[in-house]
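K.L.:
So that we are looking at the same thing, I have put the structure below in structure tokens.
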Amino acid sequence: MGELDHLRVAVLATDGFEESELTEPVAALRDAGARVDIIAPKAGAIQAFRHFDKTATVPVDRTLAEVKPENYGALLLPGGALNADTRRAVPQALSFIQRMSAMGKPIAAICHAPGELISAGVVRDRLLTSYHTIQDDVRNAGGFWV
């Protein structure tokens with residue numbers, strides 16, 4: 005039995021995610037016993053990148069239309085500038101983030117992913133970090149960047 009056996013984690017991603025920012029945390033969560041669902045706006049597979057180069061694809065477990073935030077104990081938002089910018093324009097993704105935040109569930113946002121938290125309107129008065137190029141965005145949205 006792992007430390008996270010009773011935890012179900014939503015990983016919200018789309019094409020353009022930074023490979024290690026999804027695969028490494030997902031592997032660690034699963035090793036600790038968590039049940040992890042890769043969630044995307046559409047079914048199929050999503051394209052990973054290593055910086056600017058395409059790498060592997062990752063199968064999608066569920067689409068945003070199929071899931072409810074109430075069924076998850078935590079949310080992971082992997083980075084990658086393209087991935088984060090794409091998700092920011094998906095109303096269902098922002099709604100999912102808003103609902104997870106409103107329920108007080110932990111949200112891990114890696115690299116560029118805090119941009120989605122900004123678009124979802126959930127950074128005010130929160131302490132967070134990000135890729136350095138969006139630190140002004142975090143501050144302008146009322147968050148505290150470290």
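Note that this note's numbering gives residue 29 to position 25 of the sequence shown, counting from 1, and the numbers run on in steps of one.
Using N, Cα and C, we set each Cβ at its ideal position, and we do this for glycine too.
1. Pull up the DSSP beta-bridge partners for A22, would you.
2. Have a look at A44 and G6 and give me their C-alpha separation to the nearest angstrom.
3. Hey, could you find the ends of the beta strand (DSSP E) V40 is sitting in?
4. For V64, which of helix, strand or coil comes out of DSSP?
5. Please state whether DSSP places A93 in a helix, a strand or coil.
6. Mind checking who A117 pairs with in its DSSP beta bridge?
7. Do the stretch 75 to 82 and the stretch 110 to 123 touch if we need at least three Cβ pairs shorter than 8 Å?
8. For Q124, count neighbouring C-beta atoms within 10 Å of its own C-beta (all shown protein chains included) and say buried if the count is 16 or more, exposed if not.
9. Below 6 Å CB to CB, which residues in the same chain sit around D65 once its five sequence neighbours on both sides are set aside?
10. Please report the residue range of the alpha helix (DSSP H) in which R130 lies.
11. Should L131 be labelled buried (16 or more other beta-carbon atoms within 10 Å of its own) or exposed?
12. Name the DSSP bridge partner or partners of I122?
13. Is F56 buried or exposed, if buried means 16 or more other CB atoms sit within 10 Å of its CB?
14. I'd like the span of the beta strand (DSSP E) that includes V13, first residue to last.
P.N.:
Straight from the coordinates:
1. For the purposes of this step, residue 22 is taken as residue 18 along the sequence shown, with counting starting at 1. According to the sequence shown, residue 22 is Glu rather than Ala. For E22, which the question treats as bridged, DSSP gives the partners F53.
2. Reading the sequence shown from its first residue, position 40 is the one you call residue 44. Reading the sequence shown from its first residue, position 2 is the one you call residue 6. Annotation: A44 to G6 spans about 26 Å, alpha carbon to alpha carbon.
3. One-based indexing of the sequence shown puts residue 40 at position 36. Element bounds for V40: R39 to A44.
4. As a first step, residue 64 is located in the sequence shown; it is residue number 60 there, counting from the start. It is coil, neither helix nor strand.
5. Your numbering for residue 93 matches position 89 in the sequence shown. Reduced to three states, the DSSP call for A93 is coil.
6. Within the sequence shown, residue 117 is the residue found at index 113, counting from 1. Under DSSP, A117 forms no beta bridge with any residue.
7. They touch, by the three-pair rule.
8. Position 120 of the sequence shown, counted from the start, is the residue given in the question as residue 124. Note on residue identity: the sequence assigns Ala, not Gln, to residue 124. Of the residues assessed, A124 falls on the buried side of the cut-off, its CB having 16 or more other CB atoms within 10 angstroms.
9. Residue 65 sits at position 61 when you count from the first residue of the sequence shown. Closer than 6 Å at Cβ, skipping near neighbours: D41 and I42.
10. Translated into positions along the sequence shown, residue 130 becomes position 126. Run containing R130: none; DSSP gives neither H nor E here.
11. Numbered from its first residue, the sequence shown carries residue 131 at position 127. The residue in question, L131, is exposed, as its Cβ has fewer than 16 Cβ neighbours within 10 Å.
12. Walking along the sequence shown from the start, residue 122 turns up at place 118. Looking at the DSSP output, I122 bridges to nothing.
13. Your numbering for residue 56 matches position 52 in the sequence shown. Classification for F56: exposed.
14. As a first step, residue 13 is located in the sequence shown; it is residue number 9 there, counting from the start. In this chain, the beta strand (DSSP E) harbouring V13 covers R12 to L16.
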